[in-house]
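Written below as C-alpha cells is the structure these notes are about.
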Amino acid sequence: MTDRPLDRSEFIKRGGLVTAALATGFLGSRAPARGAEAQSLKLAFPDNVHTPSMKVAQRFASEVAAKTNGRFKVDIFPGGTLGSETNIVAGLQTGTIDFAMHTAGFVESYVPTVGVLDMPFIFKDVAQATRVLSGPVGKQLAADCSQRNIEVLGWAQNAWRNVECAERAIKSPDDLKDVKIRIQAGPVFAAIFEAVGAVPVVMDWPDVYVGLSQKTIGALEVPIPSFVSAKLYEICKHIALTRHVYNATLFMASKPKLAAMSPADQEVIRHAGAGASTYWLDLMGAANKTAEAYSKSQGVQIIEVDRGAFRKAMAPVYQKFTSKFGNLLPQILAETGG
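Residue numbering for the sequence shown is 89 to 426, as defined by our numbering.
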C-alpha cells in the first residue's frame, strides 16, 4: 500500500534532520584554532536529501570548513526543516538563516524582478541562460536582491519544468483546457496556465501526492527529478516535455551576516558559493536524464511536444508582465533573440 505523502514528507524531513546532523558532525570534526569554537552557519533549501541540492550543499559546507580551518561550520537543513519555501527567503533577509538555495519563483515574493526568469520559454537552453545571467541582467538582478538584504553567490538551474498529467496524455496546449493543474505560487505561473485554458491550483508540495490520488488536481508542472523524488510516477503516468520554464535557482547568502565577516572570510564564502553553483548546473543535467529514464522504467509515457505551439499559446503572458519587469524583459529578449 502506498504511503500517504504527508507521511512521506515527515519521513523526508526527519531524514533531512538526520543527514544534516551527520553533515554537521563531519564538518565539526575539523578542529578550529585552539581555544576557539567553530561558528555555526545555517544553509537551508526546500528539496529533500535525495536530490542534487544535497550534494551541492555538502560541497559548499566542506569548502567553507576547509578554507577557514574549521572556524566556520555549515549546518545543512534540507526538506523545509527551517520553514516553508517563502520562510527560507525571509530568514535570509533577517539573518536567521545564513545561506539558502532556492528557485527564482519563491525569491520573487521578496524581489519582484527575479520573476522575469520564470517567463515562459525565455531561454532556449542552459548555455544561453548561463550567458545571460553572467552578464548585465544577472548583475541587475543581484543588485535588486542586495537591496533586500540578499547576496547572490551564484546562479544555477533546478531542471526544466514540464507538465505531468494523471488524467491523460498532453500533446498540445488544447489538451490542458479545464485541467486542474498544481502550480508554484506566483502570478507568472498562474498566467502561464490560464493562457492555455487550464485551471491553476496553488498547493503545497507535500500535499500533491494526495491531491493527485483524490483527483483534487489532475496535473502538475515540475522538473522530472522532483517528480521522481516524490514518487509521483506511482500515480501519474504522462509527462509532456514542454520545458516551459527554465527554473532558475539562486545560491544566496544573508547580506547582513556576510557583512559581519572579515573580507577574507567573505571571499571564501563567495568563492565557495560560485563553485557550488557551477557544480549544481553540472549535476542537474545528469539528474534530469536519470530521472527521465527512471520514469520510463516505471511505466510513465514521455511525450515530445511541439514547443512552438505551447510558446505561441503562452505568448500573451509577456504583454501582461511588461510593466512589472521594466527594461529587464526586453533586455533578455534582445540577448536571446526571443
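For every residue, glycine included, the Cβ atom is placed at its ideal position computed from N, Cα and C.
- The three-state secondary structure of Pro288, taken from DSSP, is strand.
- For Ser128, the enclosing beta strand (DSSP E) has its first and last residue at 127–132.
- Taken through DSSP and simplified to helix, strand or coil, Asn157 comes out as coil.
- Straight-line spacing of the CA atoms in Phe339 and Glu255 works out to 36 Å.
- Straight-line measurement puts the Cα of Val316 at about 16 Å from the Cα of Leu371.
- The beta-carbon distance between Asp186 and Lys343, rounded to whole angstroms, is 11 Å. This is too long to meet the 8 Å contact definition.
- Pairwise C-beta distances place the region 206–221 out of contact with the region 168–176, as fewer than three of them are shorter than 8 Å.
- Boundaries of the beta strand (DSSP E) harbouring Ile271: 268–271, taken from the DSSP string.
- Between the region 233–244 and the region 190–205 there are three or more inter-stretch CB-CB distances shorter than 8 Å, so the stretches are counted as touching.
- Look at Val251 here: in three-state DSSP terms it is strand.
- The secondary-structure analysis by DSSP pairs Ile164 across a beta bridge with Leu131.
- For Ser383, same chain residues with a beta-carbon under 8 Å away, outside a window of 5 residues either side, are Ile312, Phe315, Val316, Tyr321, Ile327, Ile390 in chain order.
- Rounded to the nearest whole angstrom, the CA to CA distance from Ala381 to Ala352 is 44 Å.
- Bridge pairing for Ala336: Gln245 [DSSP].
- Under DSSP, Thr191 takes part in a beta bridge, and its partners are Thr337.
- Runs of the alpha helix (DSSP H) spanning 4 or more residues and lying entirely within the region 307–388 occur at 312–317, 343–347, 351–385, in chain order.
- DSSP places Val204 outside any alpha helix (DSSP H), giving it a letter other than H or E.
- Comparing alpha-carbon positions, the option among Ile280, Gly274, Ser385 lying closest to Pro208 turns out to be Ile280.
- In this model, Gln354 and Glu423 are separated by some 32 Å (Cα to Cα).
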